Structures are given as C-alpha cells and as structure tokens.
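**Q**
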Amino acid sequence: MADRLQDLIAGACSPAHSGPDLELNLEISDLINQKQGTFPRIAAMTIVQLVNSRSTNQGMLALSLLDVCVKNCGYPFHLQISTKEFLNALVYSFPAQPQTSLSFAARPPQKKSLDIQWNHFDYVPHQPSVPDPVVERILYMIKEWKIGLALRAPYKEDLTNINSMYRLLKRRGYRFPEIKEDSVAALVTHSVLRTPEELEEQDNVRLSAKLQEHIRRGTEEDLVLADMIMKWLSGYEKRGRPDYQQRFSEQIRGIRSKAIVLYELLESMRQGEKIDRAMQ
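In terms of full-length UniProt numbering, the sequence shown opens at residue 1 and continues consecutively.
1. Using DSSP with H/G/I as helix, E/B as strand and the rest coil, what is residue 296?
2. On the criterion of 16 or more Cβ atoms from any shown chain inside 10 Å, does residue 58 qualify as buried, or is it exposed?
3. Taking the alpha-carbon positions, what's the residue 216 to residue 49 distance?
4. Taking the alpha carbon of residue 61 as the point to measure from, which residue in 81, 89, 74 and 16 has its own alpha carbon closest?
5. Output yes or no for whether 8 Å exceeds the beta carbon distance between residue 43 and residue 81.
6. Between which two residues does the alpha helix (DSSP H) carrying residue 3 extend?
7. Within this structure, are the beta carbons of residue 166 and residue 98 separated by less than 8 Å?
8. With distances taken Cα to Cα, identify the nearest neighbour of residue 38 among 19, 77, 153 and 137.
9. Look at residue 33 and residue 12 and say whether their C-beta atoms are less than 8 Å apart.
10. Give the secondary structure of residue 20 by DSSP, where H, G and I count as helix, E and B as strand, and everything else as coil.
11. If we ignore side chains and look at the alpha-carbon of each, how far apart do residue 92 and residue 52 end up?
12. Can you round the beta-carbon distance between residue 188 and residue 152 to whole angstroms, since I take them to be within the 8 Å contact cut?
13. Got a sec, what are the start and stop residues for the alpha helix (DSSP H) residue 48 sits in?
14. How many whole angstroms separate the CB atoms of residue 95 and residue 139, which I take to be in contact at a CB cut-off of 8 Å?
15. Would you grab the beta carbon distance between residue 1 and residue 67 for me? Rounded to a whole angstrom, and I think it's under 8 Å.
16. What is the rounded straight-line gap between the Cα of residue 193 and the Cα of residue 234?
17. If you measure between the beta carbons of residue 207 and residue 229, is that distance less than 8 Å?
18. Should residue 54 be labelled buried (16 or more other beta-carbon atoms within 10 Å of its own) or exposed?
Have a look at this one:
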C-alpha cells in the first residue's frame with residue numbers, strides 16, 4: 001500500500017502536468033488519513049524529494065500537493081513537516097544567503113516551457129533577491145505554517161522546529177512574502193463541540209502519531225516516551241491522561257457564556273442597528 005502512495009505522489013508531481021491535479025491531490029491526502037501509521041512520514045519525505053527536483057514545474061507541483069496535505073491531513077502530517085529532517089530537506093536547495101540577481105520581470109527571455117507557467121498560486125513574487133519561484137513558494141509556506149500552526153495550533157508545542165527554521169532563514173537575509181489571512185485560516189483548528197469519546201479519540205490520533213515518531217527515532221529517551229504512550233493508548237496507565245468529561249463540561253460552559261454575551265448584545269441593540277456596528 002505504501003508503494004501505491006508513492007506511485008500516486010509521483011503521478012501527481014509528474015513534470016508532464018501543466019498544473020496541479022486537485023482531485024488526485026485530495027485522493028492522496030485521503031489515503032494518508034485513512035492509513036495513518038507510517039503513511040504521513042512516507043508521504044512527506046517523498047514529496048519533499050520532488051520539491052528539490054531540477055524541474056521547476058515538478059517542484060511547484062510537489063509544493064501544491066504538500067499544501068493540500070498540510071491543510072487536509074491534520075496532526076500526524078503536521079508532526080512530520082515540523083521535523084528537522086523534513087525542514088532541512090525542504091530548504092536543501094536554498095543558497096546560504098539570498099541571491100541578488102534579476103527579478104521575475106527582468107529575467108532574460110527563456111524557452112517556452114512548463115517551468116515558467118506558474119501564476120495560479122495565492123502569492124505574488126515580490127522580491128528581486130529571490131528569483132526562484134520554488135524558493136518563493138517555500139518561504140510563503142513556512143511563514144504560513146508558522147502563523148497558522150506553530151503559533152495557533154492547540155498542539156503548537158510539538159511544532160517548534162517550524163519557528164526555528166523561520167528564524168534561521170530570516171537571520172540569513174531571506175524576506176518572507178505577505179500572507180493572506182484566508183490562506184492561514186485553512187490551517188487554523190476551529191472550535192467544535194466534541195463528546196468525551198470524540199475528545200479521547202482525537203488525543204489518541206495525536207498520541208499514535210507521536211508513538212510512530214518516537215519509535216522511528218529510537219533513542220533511549222524516545223523509547224521511554226514510546227513506552228509511556230503505549231501504556232496510555234492501551235489503557236494500562238491512566239495517570240497523565242486528561243479528564244475528558246471535564247473537558248466536555250468546559251466546552252459547554254464556554255458555549256453558554258458566549259450565548260449569554262450574544263443575548264445581552266442583541267438586547268442592547270436598537271431597532272435597525274446592524275450587529276457588527278453594535279459589537280464595535
């Protein structure tokens with residue numbers, strides 16, 4: 001099955017394509033979600049190899065697929081893109097310092113090819129110091145992950161390497177593109193009322209992903225942590241696990257508080273007044 005995943009990724013990133021195949025990209029992200037286990041890591045590392053392709057077109061296709069996976073595969077995939085191994089591979093082709101060559105508009109004429117047809121992403125190349133669209137897109141994505149995941153995700157403490165890479169590139173002189181808020185919004189986890197069982201299942205997915213990573217690393221410290229996680233997942237050890245009934249009650253209290261605030265707001269409004277104006 002892992003071979004099928006890699007074949008699908010290779011097909012989605014084939015340089016013969018003139019643009020991303022969204023349907024195939026979503027199929028790949030669905031397969032990652034269904035199988036879990038080692039699939040998030042296999043996918044992340046396979047994609048990042050293609051990002052470093054000599055073909056700009058293939059690199060951009062791989063980044064498009066990576067973006068779909070990040071925004072649809074959740075914590076197990078987020079954990080993989082925040083590993084030092086992945087992030088180092090992602091910026092493998094970056095010069096130690098930004099290049100100071102011609103801007104996009106001023107580049108000399110090139111032969112017509114798929115490599116220069118990319119203009120459908122949600123960013124605008126803006127800095128003459130980075131003439132490579134793959135580098136520019138990676139800078140955009142790292143900043144997007146920093147804002148949407150490393151700063152806002154409920155599990156942000158597991159994604160600190162993203163912040164570290166952002167700071168490293170900034171110290172080296174790389175300038176990051178402006179980020180569109182709707183782009184970041186696709187990464188932000190929205191509050192959803194969950195039952196105690198759903199809250200526990202959500203945590204178990206995260207613990208299973210951590211278990212895979214600790215076992216893969218295999219250091220003495222990692223194996224100790226893996227042993228503890230296995231005890232939690234099996235139910236053998238209860239200490240250290242959250243009280244999911246209490247979490248559920250806290251959600252209910254939060255919803256009730258918001259409902260009271262909204263009711264009081266509506267009561268204070270004058271006839272014909274818009275709610276956004278009243279909130280100001």
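All C-beta atoms in this analysis are idealised placements derived from N, C-alpha and C, irrespective of residue type, glycine included. Note that the structure is a prediction, hence the values are computed from the model and not measured.
**A** This is what the structure holds:
1. Any answer about residue 296 is impossible in this case: the structure gives the chain only from 1 up to 280.
2. Buried, by the Cβ-count rule.
3. 19 Å
4. 16
5. no
6. For residue 3, the uninterrupted alpha helix (DSSP H) run begins and ends at 2 to 12, by DSSP.
7. no
8. 77
9. no
10. coil
11. Rounded to whole angstroms, residue 92 to residue 52 spans 7 Å at the Cα level.
12. About 5 Å; that satisfies the 8 Å criterion.
13. 39 to 51
14. Contact between residue 95 and residue 139 is absent: CB atoms are separated by about 13 Å, not below the 8 Å threshold.
15. Actually they are not in contact, since the Cβ atoms of residue 1 and residue 67 sit about 24 Å apart, beyond 8 Å.
16. Their Cα atoms are separated by approximately 25 Å.
17. yes
18. Under this definition residue 54 is an exposed residue.
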